[in-house]
Structures are given as structure tokens and as C-alpha cells.
């Protein structure tokens, strides 16, 4: 059978949704303040309207929570087997994964791409197909479920916004150095997922070659030749050293509302203002 993930009993607002079951709401206890009741009702309503009950009833480990929907997920490595986790889907398109591959695993708020890497999946960079949920007792890729609806809508909205402004957001390739051997590894920044991988690597002061998200490498792997490094993908000039066409100082593609670094916090604050 498939690994079992215990329901989170610590959150009173969680609503368990087992296959073919009815949704049950946990109301605030009597005596609680009216303001708290109103907030609770609004949060439950937000979470419960993300998907129709029929869309989720065959999925395993579903919880409808305040402001998001949580579901059991996993990723399979041919070497290490199944790594199970909990995926949270938010209405703004954000996806967060809390890994439960082992009792002591402390990896949470992972992007699907980061979870794919953490699970030891051999063919990375295809998280939409490699990360799965259990539907009707079968492993089904995220790409074949309704769970990516808001993620895809957010991506389309970002593309339409860029087109309406007459600009095309482009990020050139960047390099991150290993703390142990000093070799630099190339990161592509063409998508939001790729930008997040680079962002996380830059934020890690102990980043090393074995953390490289695209391939399983060690410090023994050859570094790119200097003559190759100068090609970073700029659309204006192949060997550009940095221009307004390929260097971004902050956009919705490379800044993240769930990141606590000062750069992302400042960007998010300015956008809301």
C-alpha cells in the first residue's frame, strides 16, 4: 500500500476530506469573540472555494484549510523509493511542500522543484510530471490534476502583464560558486521555478556542488571553461557582460512573497504600496 500521512490534529480549522466523504467544518467554540468567528468563517470559505468537492473527493489525504488546500503528495526515486509529503495550494498560485520522507526531516516550504531534488529523483526539472498525488488509489502526476489550476493562472497572468507593458522579462544565466571547491555552476533563469532555485542557492552561504538542482554532481565534476562562461543567453549580444535587456533588478518572476530575505520583502512591500 501507499505510505500513510497522519492528519494534522493541531489545527482546529482543518477539514478532513476522505474519498467520497462530506466536508465538515469545525466552527469556533461558544464564547469566542465575534471577530474571531468572522475571521474563521472567512478563512474557511476561502479554502473551501478553491476547488469543488467532486474535484478532490478521490484524492488521498486532503485537508481544506484556512486560505489553502492541502493534499498528500510524493515523488519517486528509482534508488530511494517514494518520498511522501504534504502539498499546499494557495489561491495566488503559490505551491508549498512540507516533506515527510523521514520522521526527522525538517524540509518545509519547498517549491515542487526543490522537493523533486530533495527526494533524489534522477530526472529532475520535470516536477509537474514527477511529483504525484494519489487519486483513486493510483499515483497521478500533478500535471494531470486540478491542483495546478491556480499556478497556471498566475503564470498566464504574469505573461499577459508583461505583454501589456510592452516588455519581455528576461533573465540571463547566472553562476553560483561552491563553498568547498570554488567551482562555479550555471543556473538558467527562464522560469519562476528556475529563478527560485537560483535565489535559494544564492541565499545559502554553505552552498556546494552536491546541492546543484539539475544534475547529481560532486566537486570532482569539471567546471565550465572560461570561454564558455561568457555566453549567458543575452538576446542582445551573446557575450554581453550585463545590460538592461538581460539584467533584472526585481520582478514577479524572480522575487517571492513567501521569502523572508530583505530583497524579496522590499519588493513585495513596494508592489503592495
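Residue numbers (the UniProt record's numbering): 1 to 273. Built from N, CA and C at the ideal position, the CB exists for glycine as well. As the structure is a prediction and not an experimental result, all values here were calculated from the model.
Should the stretch 207-225 be regarded as contacting the stretch 176-184, the criterion being three or more beta carbon pairs within less than 8 Å?
Flag = yes, the stretch 207-225 and the stretch 176-184 touch.
What separation, rounded to the nearest whole angstrom, lies between the Cα atoms of residue 232 and residue 252?
On the chain shown, residue 232 is found 232 positions in, with the first residue counted as 1. On the chain shown, residue 252 is found 252 positions in, with the first residue counted as 1. C-alpha separation (whole angstroms): 21 Å.
Identity of the residue in 117, 220, 98, 68 nearest residue 85 by Cα
For the purposes of this step, residue 85 is taken as residue 85 along the chain shown, with counting starting at 1. Considering only 117, 220, 98, 68, the residue with the shortest C-alpha distance to residue 85 is 98.
Chain-order list of residues whose beta-carbon lies under 6 Å from that of residue 264 (same chain, five-residue window excluded):
In the chain shown, residue 264 corresponds to position 264, counting from 1. Within its own chain, the residues whose Cβ lies closer than 6 Å to the Cβ of residue 264, once the five positions on either side in sequence are excluded, are 255, 256, listed in chain order.
Hey, how far is the Cα of residue 240 from the Cα of residue 229?
As a first step, residue 240 is located in the chain shown; it is residue number 240 there, counting from the start. As a first step, residue 229 is located in the chain shown; it is residue number 229 there, counting from the start. When rounded, the distance between both Cα atoms is 11 Å.
Residues in its own chain within less than 8 Å of residue 55 by CB, not counting five upstream and five downstream?
Taking the first residue of the chain shown as 1, we reach residue 55 at position 55. Result list for residue 55: 146, in chain order.
Quick one, which of 118, 121, 96 has its alpha-carbon nearest residue 109's?
One-based indexing of the chain shown puts residue 109 at position 109. Answer by Cα proximity: 96.
Identify every residue that forms a DSSP beta bridge with residue 72.
Here residue 72 refers to the residue found at position 72 of the chain shown. Per DSSP, the beta bridge partners of residue 72 are 86.
C-beta atoms of residue 121 and residue 75 nearer than 8 Å:
Stepping through the chain shown from its first residue, residue 121 is reached at position 121. Stepping through the chain shown from its first residue, residue 75 is reached at position 75. Their beta carbons are under 8 Å apart, which means residue 121 touches residue 75 by this criterion.
Measuring alpha carbon to alpha carbon, tell me which residue in 61, 202, 246 is nearest residue 176.
Taking the first residue of the chain shown as position 1, residue 176 is located at position 176. Of the candidates 61, 202, 246, the one whose C-alpha sits nearest the C-alpha of residue 176 is 202.
Distance check for residue 153 and residue 126, CA to CA, integer angstroms please.
Taking the chain shown and counting its residues from 1, one reaches residue 126 at position 126. Taking the chain shown and counting its residues from 1, one reaches residue 153 at position 153. Taking the straight line joining both Cα atoms gives about 19 Å.
Can you tell me where the beta strand (DSSP E) with residue 141 in it begins and where it stops?
By 1-based counting over the chain shown, the position of residue 141 is 141. Looking at the DSSP string, the run of the beta strand (DSSP E) that includes residue 141 is 138-141.
On a CA-only basis, which of 111, 171, 79, 49 is nearest residue 73? Give me that one, please.
Within the chain shown, residue 73 is the residue found at index 73, counting from 1. Residue 73 has its Cα closest to that of 111, out of 111, 171, 79, 49.
Where does residue 99 fall in DSSP's three states?
Here residue 99 refers to the residue found at position 99 when the chain shown is read from its first residue. Of the three classes helix, strand and coil, the one that applies to residue 99 here is strand, per DSSP.
When DSSP builds the beta bridges, which residues end up paired with residue 175?
Along the chain shown, read from residue 1 onward, the residue named residue 175 stands at position 175. 186, per the DSSP bridge assignment.
Own chain residues within Cβ distance below 6 Å of residue 275, not counting five before or after
Residue 275 lies beyond the residue range present for the chain, which begins at 1 and ends at 273; the question has no answer from this structure.
Using only the alpha-carbon positions, how far apart do residue 117 and residue 197 sit?
Numbered from 1 along the chain shown, position 117 holds the residue referred to as residue 117. Numbered from 1 along the chain shown, position 197 holds the residue referred to as residue 197. Linking residue 117 to residue 197 through their CA atoms gives a straight-line distance of about 10 Å.
Can the beta-carbon of residue 293 be found closer than 8 Å to that of residue 150?
The chain is shown only over 1 to 273; residue 293 falls outside these bounds and no answer can be derived.
Compute the Euclidean distance between the alpha carbons of residue 200 and residue 140, then round it to the nearest angstrom.
As a working mapping, residue 200 is identified with position 200 in the chain shown. As a working mapping, residue 140 is identified with position 140 in the chain shown. Going by C-alpha positions, residue 200 is about 28 Å away from residue 140.
From 187, 186, 57, 227, residue whose alpha carbon lies closest to that of residue 70
The residue labelled residue 70 in the question sits at position 70 within the chain shown. Among 187, 186, 57, 227, the Cα nearest to that of residue 70 is on 57.
Under 8 Å, do residue 143 and residue 128 count as touching if we go by C-beta distance?
Taking the first residue of the chain shown as position 1, residue 143 is located at position 143. Taking the first residue of the chain shown as position 1, residue 128 is located at position 128. In this structure, residue 128 lies closer than 8 Å to residue 143 by Cβ.
Tell me, which residues are paired with residue 65 by DSSP?
Taking the chain shown and counting its residues from 1, the one referred to as residue 65 is at position 65. As a beta-bridge residue in DSSP terms, residue 65 pairs with 68.
Residues near residue 192 in its chain [Cβ-Cβ closer than 6 Å; skip 5 each side]
One-based indexing of the chain shown puts residue 192 at position 192. So the qualifying residues of the chain are 253.
Buried or exposed: where does residue 103 fall if 16 or more other Cβ atoms within 10 Å of its Cβ makes it buried?
Counting from 1 along the chain shown, the entry for residue 103 is found at position 103. When all chains shown are included, residue 103 counts as exposed.
At the level of alpha carbons, what is the spacing between residue 237 and residue 244?
To locate residue 237, count along the chain shown from 1; it is residue 237. To locate residue 244, count along the chain shown from 1; it is residue 244. The alpha-carbon of residue 237 is positioned some 12 Å away from that of residue 244.
Who are the Cβ neighbours of residue 68 in its own chain at under 7 Å, not counting the five residues just before and after it?
Locating residue 68 in the chain shown gives position 68, counting from the first residue. 47, 88, 89, 90.
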